[in-house]
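One line per chain: the protein sequences are A and B, in this order. Counted the way my numbering counts, the first sequence spans residues 163 to 276. Counted the way my numbering counts, the second sequence spans residues -1 to 110. Take a look at the structure set out below.
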Amino acid sequence: GAVVSQHPSWVICKSGTSVKIECRSLDFQATTMFWYRQFPKQSLMLMATSNEGSKATYEQGVEKDKFLINHASLTLSTLTVTSAHPEDSSFYICSAGEGPDTQYFGPGTRLTVL
Amino acid sequence: KQEVTQIPAALSVPEGENLVLNCSFTDSAIYNLQWFRQDPGKGLTSLLLIQSSQREQTSGRLNASLDKSSGRSTLYIAASQPGDSATYLCALGSGNTGKLIFGQGTTLQVKP
């Protein structure tokens, strides 16, 4: 099956710094990618839909200036957590698909903000 | 607003047992329903996808059913094995956008 990678797999940063997470579709092109976050022992919550060549669509309650999403090519979307704070510590997962029935998930990125 | 609930939150069974995981949803106007497996600290692996027009799907020891009228789906695991231990998530596709709404998951432990 298709492969989606994320980098880094885990990152620790100081409060106030920004962190960039990459999501790549390795063997297919994805015009749309999704970003989710998952708190410990909780489910995945959709943060935003990343559209290649256009602005991301954010879910209600997600700060677009806090979580910057860029989808510069058909194989790469990035999520930048700006001015990170401890409450931003979470597991961030992206998905990419070739259609509404086929979504491939990345392995996730564990962010810890000190 | 679509809400997805999974019961139980956790389940522990001895190896070899057949088991059923439940998923309920509030809005029957769904595009599709998927069951995923998540191992600790890992991403998601798709297990079964049921289209809105379908009633069930099977893959190996797994069988998933869908009853839109009652807002329910079940995942049946036959002859459980320790390797089945993981968190199982159901997710609803609310349209043809690919966006998914997830339940909270059921954490399964199969004891040898």
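Note that CB positions come from ideal geometry on N, CA and C, so glycine has one too. In this text, all values refer to a predicted model and were calculated from it rather than measured experimentally.
So, at 7 Å on beta carbons, what are the nonlocal neighbours of residue 191 of chain A in its own chain, with the 5 sequence-adjacent residues on each side left out?
The beta carbon of residue 191 of chain A lies closer than 7 Å to those of 236 and 237 in the same chain, with the five residues before and after it left out.
So which residues on chain B does residue 255 of chain A lean against when the C-beta distance must stay under 8 Å?
Identification of chain B residues near residue 255 of chain A by a Cβ-Cβ cut-off of 8 Å yields 41 and 42, ordered along the chain.
From the DSSP output, which residues share a beta bridge with residue 220 of chain A?
The partner list for residue 220 of chain A (beta bridge, DSSP) reads A:210.
Proximity winner among A:184, A:251, A:230 and A:215, relative to residue 267 of chain A (alpha-carbon distances)
Ranking A:184, A:251, A:230 and A:215 by Cα distance to residue 267 of chain A puts A:184 first.
Cα-Cα separation, residue 10 of chain B to residue 105 of chain B
Their Cα atoms are separated by approximately 8 Å.
Strictly below 9 Å CB to CB, what residues from chain A border residue 173 of chain B?
Since the displayed chain B opens at -1 and closes at 110, residue 173 of chain B lies outside it and no answer follows.
The region 44 to 63 of chain B contacting the region 0 to 8 of chain B, beta-carbon criterion three pairs below 8 Å
By the Cβ test, the region 44 to 63 of chain B is not in contact with the region 0 to 8 of chain B, since fewer than three Cβ pairs between them sit closer than 8 Å.
What separation, rounded to the nearest whole angstrom, lies between the Cα atoms of residue 164 of chain A and residue 189 of chain A?
In this structure, the alpha-carbon of residue 164 of chain A lies about 6 Å from that of residue 189 of chain A.
Can you pull the chain B neighbours of residue 267 of chain A, defined as C-beta to C-beta under 7 Å?
Here the neighbours are 41 and 42.
In DSSP terms, what residue 18 of chain B is bridged to:
Beta-bridge annotation (DSSP): residue 18 of chain B is paired with B:74.
Would you check if the distance between the CB atom of residue 69 of chain B and the CB atom of residue 87 of chain B is smaller than 8 Å?
Judged by beta-carbon spacing, residue 87 of chain B lies beyond the 8 Å limit of residue 69 of chain B, meaning their Cβ atoms are not closer than that value.
Reduced DSSP category for residue 82 of chain B - H, G, I as helix; E, B as strand; rest coil:
Of the three classes helix, strand and coil, the one that applies to residue 82 of chain B here is helix, per DSSP.
In this structure, how does DSSP classify residue 279 of chain A when only helix, strand and coil are distinguished?
Any property of residue 279 of chain A remains undetermined from this structure, which presents chain A solely from 163 to 276.
Leaving out five residues on either side along the sequence, give the residues of the same chain with a beta carbon under 7 Å from the beta carbon of residue 169 of chain A.
The beta carbon of residue 169 of chain A sits closer than 7 Å to those of 184, all from its chain and outside the five residues before and after it, given in chain order.
Go ahead and pull the three-state DSSP assignment for residue 248 of chain A.
It is helical.
Would you check if the region 193 to 211 of chain A and the region 19 to 26 of chain B touch, i.e. whether three or more CB-CB distances between them fall below 8 Å?
A contact between stretches requires three or more CB pairs, one per stretch, nearer than 8 Å, and the region 19 to 26 of chain B fails this requirement with the region 193 to 211 of chain A.
Taking residue 270 of chain A as the query, report the chain B residues whose CB atoms sit under 8 Å from its CB, ordered along the chain.
For residue 270 of chain A, the residues of chain B that pass the 8 Å Cβ criterion are 39, 40 and 41, in the order they occur in the chain.
May I ask which residues mark the beginning and end of the beta strand (DSSP E) holding residue 232 of chain A?
Start and end: 229 to 235.
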